[in-house]
Structures are given as structure tokens and as C-alpha cells.
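In the order they appear, the protein sequences are chains A and B. Heads up: the first sequence begins at 3 in the working numbering, then just goes up one per residue. Heads up: the second sequence begins at 852 in the working numbering, then just goes up one per residue. Here a beta-carbon is modelled for each residue, glycine too, at the ideal position from N, C-alpha and C.
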Amino acid sequence: MKKFLSVFKISLQQEFAYRLNFIMWRVRNVMQFFLVFFLWSSIFSDPSRIVFGYDKAKILTYVFGILVIRAIVFSAKSDEVAKQIGLGEISTYLLKPINFFKYWFTRDIASKVLNLAFGFFEIILLFFILRPPFFFQGNPFYLLTFLISVVFAIMLYFLFNSLLNLSTFWMPEMGWAMQFLFVVVVTEFLSGAVFPLDIFPRVFQNVIYMLPFPYFVFFPLQIYLGKFSYEMVLNGLLIGGGWLIILYFTIGYIWSKGLKKYSAEGI
Amino acid sequence: MEKAILVDHLVKNYEVLEKEPGLTGALEAIFSPKKKTVRALKNISFAIQPGELVGFIGPNGAGKTTTLKILSGLLYPTAGFIQVLGFDPWERKSEYLKQISLVMGQKNQLWWDLPAIETFKLNAAIYELSAKEYEENLKELVALLEVEKILNIQVRRLSLSQRMRLELIAALLHKPNILFLDEPTIGLDLVAQQKMRDFIYEYNKKNNATILLTSHNMTDLVDLARRVIVIDEGRILFDGALEELVGRFAKEKIIRVYLSREDDIKKMEEIGKIKKISFPQVILSVPRTTVAVAAAELLQDFPVADLTIEEIPIEEIVRKIFKGETSIKRKTE
Chain A
3 MKKFLSVFKI SLQQEFAYRL NFIMWRVRNV MQFFLVFFLW SSIFSDPSRI
53 VFGYDKAKIL TYVFGILVIR AIVFSAKSDE VAKQIGLGEI STYLLKPINF
103 FKYWFTRDIA SKVLNLAFGF FEIILLFFIL RPPFFFQGNP FYLLTFLISV
153 VFAIMLYFLF NSLLNLSTFW MPEMGWAMQF LFVVVVTEFL SGAVFPLDIF
203 PRVFQNVIYM LPFPYFVFFP LQIYLGKFSY EMVLNGLLIG GGWLIILYFT
253 IGYIWSKGLK KYSAEGI
Chain B
852 MEKAILVDHL VKNYEVLEKE PGLTGALEAI FSPKKKTVRA LKNISFAIQP
902 GELVGFIGPN GAGKTTTLKI LSGLLYPTAG FIQVLGFDPW ERKSEYLKQI
952 SLVMGQKNQL WWDLPAIETF KLNAAIYELS AKEYEENLKE LVALLEVEKI
1002 LNIQVRRLSL SQRMRLELIA ALLHKPNILF LDEPTIGLDL VAQQKMRDFI
1052 YEYNKKNNAT ILLTSHNMTD LVDLARRVIV IDEGRILFDG ALEELVGRFA
1102 KEKIIRVYLS REDDIKKMEE IGKIKKISFP QVILSVPRTT VAVAAAELLQ
1152 DFPVADLTIE EIPIEEIVRK IFKGETSIKR KTE
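What follows is the structure, encoded as C-alpha cells:
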């Protein structure tokens, strides 16, 4: 445990090494939020309007929620792994008595904690600037399952990201392309980080719910907003949990295959 | 005595994609990749005793680094048996990894944006060193490598030789029993090279550590390694004392002649290859097998004041091995 505490600490130090970068990253986060906020505000300029079951308070809670959930789920350092496999840099970790995945998970957590801490202040600030009508969930079932689903989302995203990273073992030059395709196109859209997924046709939604992506962002937020029945929530947790197990074992298998293929080039 | 390292009939094949040059080549490689198997190690065997310092020599691409990577658990061997300290390196057990270290000239594990001391603290935690062990080991290494003043400076602000010494500390903080050193002096200036050699020598003596070293730096080998393993094209050509290398690889001997008066030196070319003339000294190189005859002829036909027969210097032999000019292949398979 002490190992991982040390990894955690040094990760935070690393983040602060480039102060300007750090500040720009935060500014970008806020700008991104403004953009989405004003877009949806103008669509819901009439306060009584309801689109796809969202009124103004819920859609704004949804976009605020995206800011928070993204900060927690999507901020990751383990994106570097693909590049490091391609360049042979993971040798450094393989030589050490530390679990590779736990190491990177810890680094991700450090990044998330930092992101969340700053995200928290930004949200309070934005809240007072924009004074949006907000939806507060009071139902303990939804609050509890919301927390569980966020934990699931963190683990799912980590595993999914790791899986993409491991593809570099077989396609050293393709790593970044895979990441671009999946992170930008698939995860952003299918996770509901750009717009709520329930604006899609029913059939399409049903397909998406069977995939791991909505469990990154959309699912936790829907629970918080209380838009799912209890049954749907439990169902969703079951599917998300199922994906966790599938991805966990797939990664174990692919990792051991990949290492045999690994040629530790460069170093 | 229990062997520290045991390698038996080790084979390693790589699969690489072949790419034609240019854009068309790149496109071709995507749609119809041509695979080629590279046979990096073809059945090599050797054993190393605890505390031995062994030099690995051979031209580039001979398989030296591949062997080190397999021994440290980075690469999966295609076939053969490997045991280091009783462990199978490939399993990468914590108890094993805590006892070894692989140091490569071009590798960096230091956190670039932070002072080196932070990496050391992290490593201490990863290798589960007690506070006392950490303090002691660090103090010793810092003193040996003379880096006390740069511990708290961001790594990226340091010079290469400063960084290399810090890298070495990061790699040795857990006091490994087995050390794999790949080109430890590469890129260092002469003074720094000598420091590094002194350090390796000391470390080996002090901790009775087993050290396997590859280097293109002759002085590294001549100063440090009592025993060398010559490897070329994935095969071991020689395994033995450094001094014996000469007998095995030198096809020629050197005859140094001092003439008592001037004479037609050109005629000497019939006896051996003239390497250098600086009257009254002439240096000839002659095949080992005929050296006695050649010496007799010289004494008979020329006004010789003095004559010595010498071995080719070891440096020259090693240089030839690096160039891959070792026409003498293995005597027996």
C-alpha cells in the first residue's frame, strides 16, 4: 500500500511541475463548459419547454454533471501507456516489483483527485456566475446507486483505456490512431459526454445500453437525475458489472500475450 | 557452489515487419505486411558464479542486449532453460525483481520534471526498503558517485553525465545481487567513464554482486572483466578468461625487429606483412603457425640486432570482434 501512496504523491508533484500547462488545462475545462451551457440554455430559452423529457433544470444539471463526471472518469494518465509500449519504455516498470496496472491506476486516481479538487471550485464559481436552476437528488436509492455507478465508471474506463493501450503490442504505430478513434469518437459520443443518449431513437438506445460506453458518463448521470426506474438502475449496474468482469479477464489474457510479443525496443 | 546465472540452450526469435522505403512501402506494409523472423539467439549456454564480473562482447546486433533483456525478465525466450538465483526471470516475481537491476545507457527512469531525490523515494517504496536501508544505501551511492549537490535539482536541468550517475543510483538503491549493465559508459566523457568503471569495480567487490556487462568501450572490458563471453550472430564464439581471447582470435603474431644497420627492408615483405617502419625498428605481422620459421629467416637474412615475438594487443582483438571481423568461428558446435 505504501508503494501506491508514493506513486500517488509523486504523480501530484509531477502535475504541478508545469504550472502554466496546468492553468491552461483548467481554463480549457471551464471554456468547454461555457460552450455547452450556452448551447443548451438557448435551446431551453423558454423555461417551461421540455425536450426528450428534459426540462431546463435537468438539462443544465446534466451538463454540469458532465463536467464533474468527466473530471472523475476521463482524466487519466494511463493514456501514455500506448506510446510507452510502442517506444519500449514500459520496460522500466516491468523491471520493478510493482503491478503494472495498479501503478497506472494509482496514477490515474491521482490525476482524478486533482481534477476533482479543482473541478469542485470551478463548479462553485460557475454556479454563482451563471446561477442555473439546478436539480438536487434527494432519494437515497438514487444517491447510493449513483456513487456505485461512478466507481464502476472509473474502473470501466480504466480497463477500456488499458485495452486500447495494449493494442500497441501488435500495432506499434497504430496506438495513437486507436486512441483518437475511440476516445474522441466513440467514448465522447456513446458515453453521453456530448449530449444525452436518450435523444436517440429507442432501438439505437437499446443497442448502446448493451455496450460499456454509456456506463462511463450517461448512466451515472441518469441515475442522479432519477430518470431511470429502480429496475433499470439495477439492470444497468448488472450490465456495467458484467463488462467490468469481461474486460478484467480480457486484459489479463491480452497482457500476458502482449508481453510475449513485446520486444523491448529502444531501451 | 550454486550458480548465480544458468542459461541452457537459449533461443530467441523475433518477428519483425519488413517495410519497403517510401510511402508506397508504408502502404504496402499496412495491407500486406511481410513478416520476417529474426533469429536473435541461436542456442546459447553459459553459467555464471555468484560474484563474477563477466563482459559480453560482440558486434552490434550480436544478441548481447537481447540476452540481458531475457535474463531480466523483459523478453520471453523462444526456447531453452534460464535460471537466475533460482528464479525463472519471465515470471517476474517480486522476490526476484528485488534482487536484480538492468542498467541501460540510454534508458531513463528518473522523473524528468522532478528532482532525482523524488524518484529515489519512490523506488525506496516500490522496493520496500526500510527507512534505514534507504538512508544507508543512498548515502553510500551518493558519496561514491559524487552527486550530493545535484539531488535536489530538476533532472531535466542536469547534464548527461550527471543524469547517468543519478540513473545508476535509482537502479542500485535496492542493492541488487545481480546487475545487468548495458553500455554503462556510453556517452560519458573520459573522466566520467573512469569514475563509472571504478564504481562498478567497487560495487562488485564490496557486495560480491554478480555483474554481467556489455560494452563497446574497450577499457571497460579490459579493466573490469576477468572473463568474457564473445557473442556474434546469436552464437557464443568464446567463453573464458580475457587473456585467452588472444590465443583464440589472433591469427597472427607480431615480430619486432631492431636492425643494426640499414638494409633492403622491402625484402622483408616476403616473410611477413610490414606494419610499421621507424628505423631501426620494423614491426611485422606473421601467421601464428609460421612465426618460428619467420623469425629464423629474419635472423639469417637481415642484420638483426634484436628481435622479439609478441601477441597482438588485446585491445586490437576486441576491436576486431566489435567489427565482426572474427573469421575464426566456433571450433566445435
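Boundaries of the beta strand (DSSP E) in which residue i is found, first to last residue
i                       : result
residue 888 of chain B  : 885-899
residue 865 of chain B  : 856-869
residue 839 of chain B  : The structure shown does not extend to residue 839 of chain B, since chain B spans only 852 to 1184, so no value can be given for it.
residue 154 of chain A  : Unbroken run through residue 154 of chain A is the alpha helix (DSSP H), 142-168; no beta strand (DSSP E).
residue 1065 of chain B : 1061-1065
residue 1086 of chain B : 1086-1092
residue 1107 of chain B : 1103-1110
residue 913 of chain B  : First-last for residue 913 of chain B: undefined, no H or E at that position.
residue 1078 of chain B : 1078-1083
residue 946 of chain B  : Unbroken run through residue 946 of chain B is the alpha helix (DSSP H), 945-948; no beta strand (DSSP E).
residue 87 of chain A   : Taken as a continuous stretch (DSSP letters only), residue 87 of chain A belongs to no beta strand (DSSP E), being part of the alpha helix (DSSP H) at 82-89.
residue 1161 of chain B : 1155-1162
residue 955 of chain B  : 951-955
Residue i, enclosing alpha helix (DSSP H) - first and last residue
i                       : result
residue 1138 of chain B : Note, residue 1138 of chain B: premise wrong, no alpha helix (DSSP H); beta strand (DSSP E) at 1132-1138.
residue 263 of chain A  : 232-263
residue 95 of chain A   : 93-96
residue 1069 of chain B : 1069-1075
residue 40 of chain A   : 21-45
residue 979 of chain B  : First-last for residue 979 of chain B: undefined, no H or E at that position.
residue 212 of chain A  : 204-212
Buried or exposed (CB count within 10 angstroms, at least 16 for buried), residue i
i                       : result
residue 224 of chain A  : buried
residue 896 of chain B  : exposed
residue 106 of chain A  : buried
residue 1138 of chain B : exposed
residue 251 of chain A  : exposed
residue 273 of chain A  : Since the first residue shown for chain A is 3 and the last is 269, residue 273 of chain A is missing from the structure and cannot be characterised.
residue 3 of chain A    : exposed
residue 1088 of chain B : buried
residue 263 of chain A  : exposed
residue 33 of chain A   : exposed
residue 1159 of chain B : exposed
residue 1170 of chain B : exposed
residue 1003 of chain B : exposed
residue 245 of chain A  : buried
residue 75 of chain A   : buried
residue 1083 of chain B : buried
residue 1179 of chain B : In this predicted model, residue 1179 of chain B has a pLDDT of only 48, less than 50, meaning its place in the structure is not dependable enough to derive any value.
Distance, residue j Cα to residue i Cα
i                       : j                       : result
residue 1183 of chain B : residue 953 of chain B  : The predicted position of residue 1183 of chain B is uncertain, since its pLDDT is 37 and thus under 50; a value taken from the coordinates is nonetheless stated next. Distance between the alpha carbons of residue 1183 of chain B and residue 953 of chain B is about 32 Å.
residue 985 of chain B  : residue 920 of chain B  : 27 Å
residue 194 of chain A  : residue 216 of chain A  : 6 Å
residue 1036 of chain B : residue 1068 of chain B : 7 Å
residue 68 of chain A   : residue 219 of chain A  : 7 Å
residue 25 of chain A   : residue 73 of chain A   : 15 Å
residue 144 of chain A  : residue 226 of chain A  : 6 Å
residue 1181 of chain B : residue 1106 of chain B : Any reading at residue 1181 of chain B is ruled out, since the residue's pLDDT is 43, under 50, leaving its predicted position unreliable.
residue 12 of chain A   : residue 1097 of chain B : 51 Å
residue 110 of chain A  : residue 161 of chain A  : 12 Å
residue 229 of chain A  : residue 1031 of chain B : 60 Å
residue 147 of chain A  : residue 17 of chain A   : 31 Å
residue 927 of chain B  : residue 934 of chain B  : 13 Å
residue 269 of chain A  : residue 187 of chain A  : In this prediction, residue 269 of chain A scores a pLDDT of 40, lower than 50, which makes its location untrustworthy; no coordinate-derived value is stated.
residue 127 of chain A  : residue 1019 of chain B : 47 Å
residue 52 of chain A   : residue 45 of chain A   : 10 Å
residue 930 of chain B  : residue 1000 of chain B : 47 Å
residue 129 of chain A  : residue 150 of chain A  : 25 Å
residue 261 of chain A  : residue 892 of chain B  : 18 Å
heavy atom of the ligand SAH below 6 Å from residue i C-beta
i                       : result
residue 1016 of chain B : No copy of the ligand SAH occurs in the structure displayed, which carries no ligand at all.
Minimum Cβ-Cβ distance from residue i to chain C less than 7 Å
i                     : result
residue 79 of chain A : Among the chains of the structure shown, chain C does not appear; the protein chains present are A and B.
Residues of the stretch 973-1001 of chain B with Cβ closer than 9 Å to any Cβ of chain A, in chain order: Of all residues in the stretch 973-1001 of chain B, the ones placed with a Cβ closer than 9 Å to any Cβ belonging to chain A are 973, 974, 975, 976, 977, 978, 979, in chain order.
The stretch 858-873 of chain B contacting the stretch 884-893 of chain B, beta-carbon criterion three pairs below 8 Å: The answer is yes - the stretch 884-893 of chain B touches the stretch 858-873 of chain B, with three or more Cβ pairs under 8 Å.
Given 8 Å, three or more beta-carbon pairs between the stretch 1031-1042 of chain B and the stretch 987-1004 of chain B: No, the stretch 1031-1042 of chain B does not touch the stretch 987-1004 of chain B.
Stretch-stretch touch, CB-based, cutoff 8 Å, three pairs: the stretch 1074-1082 of chain B with the stretch 905-922 of chain B: As far as the Cβ criterion goes, the stretch 1074-1082 of chain B touches the stretch 905-922 of chain B, which means the pair count is three or higher.
Chain A contacts made by the stretch 923-953 of chain B, where a contact means CB separation under 9 Å: Result list: 923, 924, 925, 926, 927, 941, 943, 944, 945, 946, 947, 948, 949, 951, 952, 953.
Chain A contacts made by the stretch 954-968 of chain B, where a contact means CB separation under 9 Å: Per Cβ criterion, the list reads 955, 957, 958, 959, 960, 962, 963, 964, 965.
Proximal residues, the stretch 86-118 of chain A versus chain B, C-beta separation under 7 Å: Answer in chain order: 93, 94, 96, 97, 98, 99, 100.
Contact list for the stretch 12-29 of chain A against chain B, Cβ threshold 8 Å: Listed by position along the chain: 12, 15, 16, 19, 20.
Contact residues within the stretch 242-262 of chain A, judged by C-beta distance below 7 Å to chain B: So the list reads 261, 262, given in the order they occur along the chain.
Three CB pairs or more closer than 8 Å across the stretch 231-239 of chain A and the stretch 255-265 of chain A: No: fewer than three Cβ pairs fall under 8 Å.
Contact the stretch 112-127 of chain A vs the stretch 198-211 of chain A: 3+ CB pairs below 8 Å: Put simply, the stretch 112-127 of chain A does not touch the stretch 198-211 of chain A. Fewer than three CB pairs are less than 8 Å apart.
Selection of the stretch 855-870 of chain B by Cβ proximity to chain A, strictly under 7 Å: For the stretch 855-870 of chain B, the set of positions with a beta-carbon nearer than 7 Å to some beta-carbon of chain A reads 865 in chain order.
Three-pair Cβ contact test at 8 Å for the stretch 1047-1059 of chain B versus the stretch 957-975 of chain B: Proximity of the stretch 1047-1059 of chain B to the stretch 957-975 of chain B falls short of the contact definition, fewer than three beta-carbon pairs being nearer than 8 Å.
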